[in-house]
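Take a look at the structure set out below.
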Amino acid sequence: VADVRVTAEDGSFVRLRERLGRGALLVVLVAPGTGVWERKHWVTAGIMPRLAASVTALPHHAELLVAEEYPGAAPHTVLLVRPDGHLVTALSGVRPADLYSAAETALGGPPAKAEANAGAGSR
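If you count by our numbering, then the sequence shown holds residues 25 to 147, one letter each, in order.
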């Protein structure tokens, strides 16, 4: 992945590659103009609430990051990056089902039925 500057969930500016290797999937929204406003001003605006909910619903821990730009990506592109830095997919806009499916694929597929049933019974 390109090492662009991103805004982390805590509002700090970091490099995308600094977030790799932590075990989390990375979801990067390309949102021009976000760098000039504090995170608190845009985190609840536009597509952010829907995207944040989609990230929370993923089958694996994921971190939501925002970049002003990413090479070759249009505004509102959502990138899914594995913890090792492999770009899994680039989606045009917030598409929760497609993001979830891509995350499952990146992790080796959905849990086996026996595991899913065992987990449901233990709750």
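Ideal placement from N, C-alpha and C gives every residue a C-beta, glycine not left out. In this text the structure is predicted, and so the values were computed from the model without any measurement.
- Task: Whole angstroms is fine: what's the gap from residue 95's alpha carbon to residue 81's?
- Result: Going by the C-alpha atoms only, they are around 27 Å apart.
- Query: Can you list, in chain order, the stretches of the beta strand (DSSP E) that have 3 or more residues and sit fully within the stretch 96–124?
  - Reply: If we require 3 residues or more, the beta strand (DSSP E) runs fully inside the stretch 96–124 come out as 101–105 and 111–116.
- Skipping 5 residues on each side, what residues in its chain have a beta carbon closer than 8 Å to that of residue 85? Within the same chain, and ignoring the five residues on either side of residue 85 in sequence, the residues whose Cβ sits closer than 8 Å to its Cβ are 47, 48 and 49.
- Task: Locate the alpha helix (DSSP H) running through residue 74, then write down its first and last residues.
- Result: First-last of the alpha helix (DSSP H) with residue 74: 72–80.
- Message: For residue 105 and residue 25, which I take to be in contact (beta-carbon distance under 8 Å), what is that distance rounded to the nearest angstrom?
- Response: Residue 105 to residue 25, Cβ: 5 Å. Contact.
- Going along the chain, which residues of its own chain have a beta-carbon closer than 6 Å to the beta-carbon of residue 120, five neighbours each way excluded? Non-local C-beta neighbours of residue 120 in its own chain, meaning closer than 6 Å and more than five positions away in sequence, comprise 78, ordered along the chain.
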